[in-house]
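Residue numbers (numbering that gives the first Met the number 0), protein chains in the order written: chain A, 0 to 370; chain B, 0 to 370. For every residue, glycine included, the Cβ atom is placed at its ideal position computed from N, Cα and C. Take a look at the structure set out below.
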Amino acid sequence: MATETPRTVPAPPPTGREAKILGIIETARAKRARFREPQITMSHGAGGKATQTLIEGLLVPALSSGGLAEMADAGAVTVDGVALAMTTDSFVVTPLVFPGGSIGELAVNGTANDLAVSGARPLALTLSLILEEGLDSDVLRAEVGAIAAAAAAAGVEIVAGDTKVVERGHADGMFVCTTGVGARDVRARLAPSALTPGDRLLVSGPIGDHGTAIMLARGDLGLESDIESDTRPVWPAVDALLDAAGENLHCVRDATRGGVASVLNELARASEVAMVVREGDVPVRPAVAGAAEILGIDPMYVANEGQFVAAVAPEAAADALAALRAVPGFEAAVEFGEVKREPPGMVLVETAFGGRRVMDQLVGDPLPRIC
Amino acid sequence: MRYVDEYRDAELGRALAGEILATVEPGRHYKVMEVCGGHTHSIYKYGIDDLLPANVELVHGPGCPVCVIPMGRVDDAIALAEQPGVIFTCFGDMMRVPGSERTLLDAKASGADVRMVYSPLDALRIAKANPERDVIFYAIGFETTAPSTALTLKRARAEGVTNFLCMCNHVTIVPPLRALLESPDLRLDGFVGPGHVCTVVGARPLGFIPAQYGRPVVVSGFEPLDILQSIHMILKQIAEGRCEVENQYKRVVPQEGNLRALEVMAEVFAVRPHFEWRGLGFISQSGLRLSDAYADFDAEVRYSVPGVRVADPKACQCGEVLKGVIKPWECKVFGTACTPEHAIGTCMVSPEGACAAYYNYGRFAREREVV
């Protein structure tokens, strides 16, 4: 076989009209996102491009005080030399209870994890409940129990709260909002800006469990499986990484809404680096892969509630991975990619089949495809 | 996954890529069109074009049933969805296709009851659960999905469900292919044939392509090895001076098609005199409507739709891009009036369309150049 034959040669730089068009596209891209839609659609909540437009086009310009513009999972607050991190999140999910978890557990873990991946040990949460008229008290009782248990497991205290009741039809059973405070860890300063070409990318375990469990629990797919949500606190894992890698741990992000693909895209854009990902190395449970196959959805875009992506300097990557795998529940963590310099802002995938492609950010939710 | 992973073996893929390289004539440029959107998706997902010699270029064809729906038909759908009491159901990826001003997702945000379904039977189930409301199913797709719409309508009639309606946008594959082939400036050397359409209609209807237009066709499966093998078979035909319809997808596609499915389609559908395709204009006898026997179920009969034709901007050159006559950046509206955020033609509507791909990754794609 003549596989040694050169297949490609460096392309000449674009000229004439092509160069002009590429220039127009670059200019359009470099412009700050503008929020121009006449109304909010479901896409604005899906964590993809539409969400980004809403945040970068409306919220950040109006509210930014510096910390917000960095768009980390948690903001930094320093009071009399004490380094704190703060974050907030609201939880809306149907059904309220699903295999592997419930809204109450999500509300605690979600906020505690946003602190953890920012390099802050979660300390305390506030809890705000929006309840719909007619909600079964036993359902509420069970969720309060789930919140208490999850807070105990995550080592955080609920220090303040609020309750509101809205008329029937104005909330989907219940909505939960939590705000968290954590102590910023001194072992490393985690931030997208710390990403450095050469960094190795780790993922903490099999991806896509949470989103798939929710989709199947809604029951309109007629599929049955034993997939459970992966909701859990991740601080023990981040703690182990900080111990093993120290300042060589550059950035951690939890791969929630929009999945691993969206997180990598956000990071690549924020820090003007490229990411190259080996698709075949990313762990996906067979049942998740099967459901994704049937629906025509890529597990890389499916939500997780207990998995994160970490970037570690190459010299510390092996130790960091070993330390991560030693944490109970994180045995399946792997190294799956690398941070590169070119092309900035893009995520490239080496497919399991041996090809390469760009892994783009979605506009909105991944929609099942017909073709 | 058994029976799936076998067709995704990277080593076999590399071997096939080597055979393809040995088959092509150095210095000659080959343009092969994959007709079906499903193929385009696989090519993109697995990075198949990355395994091909640089002088074998894949051109994405008109076979994405979602992207070819013209703006006027989306506007009609929105008008139906906004009728009082109507529940409008459609496949997920249809929800984001732009009409002249809005998408179905926007209509949903404005209060229309638009629901995503996974099959026409889901829509029928919704109709039975809501007997006081009309439930309209937005039927799209080639011969692949038309039989399932037909069977659902037959079932609705058998069960006496009178509030289930269909807005029929089914299309057939041969007329647009013929329209492309009729073009005097066609620059295509062969076709990867639509495997799933041929499951229904058989391989025979494609016989006119080699017979009348002298281009080889290989009916192909959708896994990466299927597609590579089909490309190899096409190039081999060219190298050996043969020109015929070959069937790579024998495990699924019978020569004579699925007679039962064809029978059901003939009963439920009738051919429209012409149907509009986004970017391609009107094509004679390319669309299906409900037959007179099923007029009771025709949403366009029960409700009056505006039926206003929204002309594609004159400058849109999707047809030329599809024929491989021009590159995306040579189109007059590319990157200015037509962008992924405000797509005009089919090549930009589909994220995998030639124009959307070039818009997003053009700079990156330039790293590869013909040997």
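Query raised in the report: Quick one: Cα of serine 377/A to Cα of arginine 188/A, how far?
Result: Residue 377/A lies beyond the range of chain A shown here (0 to 370); nothing can be said about it.
Query raised in the report: Cβ of leucine 234/B within 8 Å of Cβ of isoleucine 19/B?
Result: Yes.
Query raised in the report: Which full runs of the alpha helix (DSSP H) of 4+ residues lie inside the segment 307-364 of chain B, going along the chain?
Result: Listed in chain order, the complete alpha helix (DSSP H) runs (minimum 4 residues) inside the segment 307-364 of chain B are 317-322, 345-348, 353-364.
**Report entry** Spatially closest choice to serine 99/B from Ala111/B, Ile77/B, Ala108/B, by CA coordinates
**Finding:** Selected option, being the one with the closest Cα: Ile77/B.
Query raised in the report: Would you say asparagine 359/B faces chain A, with C-beta separation under 8 Å as the test?
Result: Using a Cβ-Cβ cut-off of 8 Å, asparagine 359/B counts as an interface residue toward chain A, since at least one Cβ of chain A sits closer than that to its own.
Query raised in the report: Quick one: is phenylalanine 163/B near chain A, going by C-beta distance under 8 Å?
Result: By this cut-off, phenylalanine 163/B is not an interface position.
Query raised in the report: In the DSSP assignment, what residue or residues form a beta bridge with arginine 252/A?
Result: Answer is Val308/A.
Query raised in the report: Just by C-beta distance, which residues in the segment 20-40 of chain A are closer than 9 Å to chain B?
Result: Answer set for the segment 20-40 of chain A: Ile20, Leu21, Ile23, Ile24, Glu25, Ala27, Glu36, Pro37, Gln38, Ile39, Thr40.
Requested in this report: Flag threonine 2/A as yes if its beta-carbon sits less than 8 Å from any beta-carbon of chain B, otherwise no.
Outcome: The pLDDT assigned to threonine 2/A is 44, lower than 50, so where the model puts this residue is not dependable, and the model offers no usable value.
Query - Where the segment 195-225 of chain A meets chain B: residues whose CB sits under 9 Å from a CB there - result: In summary, the residues of the segment 195-225 of chain A whose CB is separated from some CB of chain B by less than 9 Å are Asp219, Leu220, Gly221, in the order they occur in the chain.
Query raised in the report: Along chain B, in chain order, which residues have C-beta atoms closer than 8 Å to that of glutamate 292/A?
Result: Neighbours of glutamate 292/A on chain B, chain order: Met0, Val3.
Report task. Tell me whether aspartate 188/B sits in a helix, a strand or coil according to DSSP, three-state version. Result -> Looking at aspartate 188/B - three-state DSSP - the assignment turns out to be coil, as it is neither helix nor strand.
Query - Status (buried if at least 16 other CB within 10 Å, exposed otherwise) for lysine 19/A - result: The residue in question, lysine 19/A, is exposed, as its Cβ has fewer than 16 Cβ neighbours within 10 Å.
**Report entry** Touching by the beta-carbon criterion (3+ pairs, under 8 Å), the segment 255-265 of chain A and the segment 299-313 of chain A
**Finding:** Per the Cβ contact rule, the segment 255-265 of chain A is in contact with the segment 299-313 of chain A (3 or more Cβ pairs under 8 Å).
Requested in this report: List the residues of chain B that aspartate 359/A touches, going by C-beta distances under 9 Å, in chain order.
Outcome: Result: Pro350, Asn359, Tyr360.
**Report entry** Buried or exposed by the 16-neighbour rule on C-beta atoms within 10 Å, applied to methionine 41/A
**Finding:** Exposed, since its Cβ has fewer than 16 Cβ neighbours within 10 Å.
Query raised in the report: Within this structure, are the beta carbons of alanine 75/A and arginine 183/A separated by less than 8 Å?
Result: Yes, they are a contact pair.
**Report entry** Assumed close pair glutamate 60/B, leucine 321/B - CB separation to whole angstroms, cut-off 8 Å
**Finding:** The residue asked about is misnamed: residue 60/B is glycine in this sequence, not glutamate. About 7 Å separates the two Cβ atoms, so the contact holds.
Query - Assigned exposure category for methionine 0/B - 16 Cβ within 10 Å defines buried - result: Exposed, because fewer than 16 other Cβ atoms sit within 10 Å of the Cβ of methionine 0/B.
Query raised in the report: In its own chain, which residues sit with a C-beta less than 6 Å from the C-beta of threonine 52/A, not counting the 5 before and 5 after it?
Result: Result list for threonine 52/A: Ala32, Phe34, in chain order.
**Report entry** Where histidine 28/B sits in the DSSP three-state scheme
**Finding:** Note: histidine 28/B maps to coil in three-state DSSP.
Requested in this report: Could you tell me which of Val324/B, Gly323/B, Ile325/B, Ile343/B sits nearest to alanine 332/B, measuring between CA atoms?
Outcome: This sequence places valine at residue 332/B; alanine is not what is there. Answer by Cα proximity: Ile343/B.
Query raised in the report: Checking contacts by CB at 8 Å: is threonine 87/A closer than that to chain B?
Result: No, threonine 87/A lies away from the interface with chain B (no Cβ there is under 8 Å from its Cβ).
Report task. With a cut-off of 8 Å on the beta carbons, I'd call glycine 179/A and alanine 111/A a contact; round off their distance for me. Result -> Between alanine 111/A and glycine 179/A the Cβ distance is about 6 Å, and since that is below 8 Å, they are a contact.
Query raised in the report: Taking the continuous alpha helix (DSSP H) assigned at tyrosine 249/B, which residues delimit it?
Result: It should be pointed out that residue 249/B corresponds to lysine in this sequence rather than to tyrosine. Counting along the chain, lysine 249/B sits inside no alpha helix (DSSP H), nor does DSSP assign it H or E at all.
Query raised in the report: Shorter than 8 Å from the beta carbon of serine 109/B to some beta carbon of chain A?
Result: Yes, serine 109/B lies at the interface with chain A (some Cβ there is under 8 Å from its Cβ).
Query raised in the report: Taking the C-alpha atoms as reference points, what is the distance between valine 348/A and glycine 336/A?
Result: Glycine 336/A has its alpha-carbon roughly 9 Å from the corresponding atom of valine 348/A.
Query raised in the report: Is the number of C-beta pairs between the segment 68-87 of chain B and the segment 96-116 of chain B that are closer than 8 Å three or more?
Result: Yes, since at least three Cβ pairs between the segment 68-87 of chain B and the segment 96-116 of chain B fall closer than 8 Å, the two stretches touch.
Query - Buried versus exposed call for glycine 99/A [16 or more other C-beta atoms within 10 Å across all chains shown] - result: So glycine 99/A counts as buried.
Query raised in the report: Do alanine 212/A and glutamate 227/A have their C-beta atoms within less than 8 Å of each other?
Result: The answer is yes: Cβ separation under 8 Å.
Query raised in the report: Of the choices Ala273/A, Glu17/A, Phe307/A, whose alpha-carbon is the least far from that of valine 237/A?
Result: Nearest C-alpha to valine 237/A: Phe307/A.
Query - Terminal residues of the alpha helix (DSSP H) in which lysine 30/A lies - result: According to the DSSP assignment, lysine 30/A belongs to no alpha helix (DSSP H), since it is labelled neither H nor E.
Query - 4-residue-minimum alpha helix (DSSP H) runs that sit fully inside the segment 211-242 of chain B, ordered along the chain - result: Restricted to the segment 211-242 of chain B, the alpha helix (DSSP H) segments that are unbroken, complete and at least 4 residues in length are 223-239, listed in chain order.
Requested in this report: Determine the direct distance from the alpha carbon of valine 218/B to that of arginine 355/A, and round the result to whole angstroms.
Outcome: Cα to Cα, arginine 355/A sits roughly 25 Å from valine 218/B.
**Report entry** Rounded distance between the beta-carbons of leucine 361/A and glycine 384/A, thought under 8 Å
**Finding:** Chain A is shown only over 0 to 370; residue 384/A falls outside these bounds and no answer can be derived.
Report task. Whole angstroms is fine: what's the gap from alanine 16/B's alpha carbon to valine 3/B's? Result -> A straight-line Cα-Cα distance of about 20 Å links alanine 16/B and valine 3/B.
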